[in-house]
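Numbering (our numbering), first residue to last: 723 to 892.
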């Protein structure tokens, strides 16, 4: 069995991951409505990733005979005024997710919960990738996004992203 604090933090993280999926689905919808389907594709794939992250945490709790506590998932309410603001919001959101993962890691370390730390090692690496990818889109948008041709090329680049399920053994 896991420590109560770890179980509670992971249940909170499950909720955060589901919120992340909703959040990225809202960004996906925004870009598709604006006919930036490449941006929409990138965020649709991100939605799938976040859903899988939630399920990895669910499975971890189940594999440790812990109760899943599903919480209400808050609907995202971010009006986007321009094409740049969603990618900035995504980068900032990933920083919050990283902080939450790190918080669980600190608790697991304090409790000498090596099993949970091993799970979180994968998520720490994943969050590094998530922050790097979203920051890269912000930087590319800042370089090229104000030029229609540059925006078109960036949209085409983002259209090439495909979903790959995580390969984490629990």
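The beta-carbon is built from N, C-alpha and C at its ideal position, and this holds for glycine as well. Computed from a predicted model, the values in this text were never measured in an experiment.
Return the Cβ separation of residue i and residue j in integer angstroms, given the expectation that the two are a contact with Cβ distance under 8 Å.
i: residue 827; j: residue 846; result: 7 Å
i: residue 688; j: residue 787; result: As shown, the chain starts at 723 and ends at 892. That puts residue 688 outside it, with no answer to give.
i: residue 880; j: residue 760; result: 4 Å
i: residue 849; j: residue 820; result: 4 Å
i: residue 765; j: residue 732; result: So it is not a contact: roughly 25 Å between Cβ atoms.
i: residue 727; j: residue 829; result: 6 Å
i: residue 869; j: residue 725; result: Contact flag wrong, Cβ pair sits at about 53 Å.
Would DSSP call residue i helix, strand or coil?
i: residue 885; result: coil
i: residue 731; result: helix
i: residue 868; result: coil
i: residue 834; result: coil
i: residue 723; result: coil
Quick one: what's got a C-beta closer than 6 Å to residue i's C-beta in the same chain, skipping five residues either side?
i: residue 862; result: 876
i: residue 702; result: Here the chain comprises residues numbered 723 to 892, so residue 702 is not present and cannot be evaluated.
i: residue 801; result: none
i: residue 816; result: 852, 853, 856
i: residue 776; result: 736, 739, 740
Could you pull out every residue in the same chain whose Cβ sits closer than 8 Å to the Cβ of residue i, ignoring the five residues on either side in sequence?
i: residue 754; result: 762
i: residue 767; result: 883, 884, 885
i: residue 867; result: 805, 806, 873, 876
i: residue 734; result: 793, 822
Residues in its own chain within less than 7 Å of residue i by CB, not counting five upstream and five downstream?
i: residue 860; result: 809, 810, 813
i: residue 795; result: 737, 740, 741, 744
Checklist entry - For the region 741-809, which segments carrying the alpha helix (DSSP H) assignment without a break, of at least 4 residues, lie completely within its bounds, in sequence order? => result 759-785
Next on the checklist: With three or more C-beta pairs closer than 8 Å as the rule, is the region 738-746 touching the region 761-776?
Outcome noted: yes
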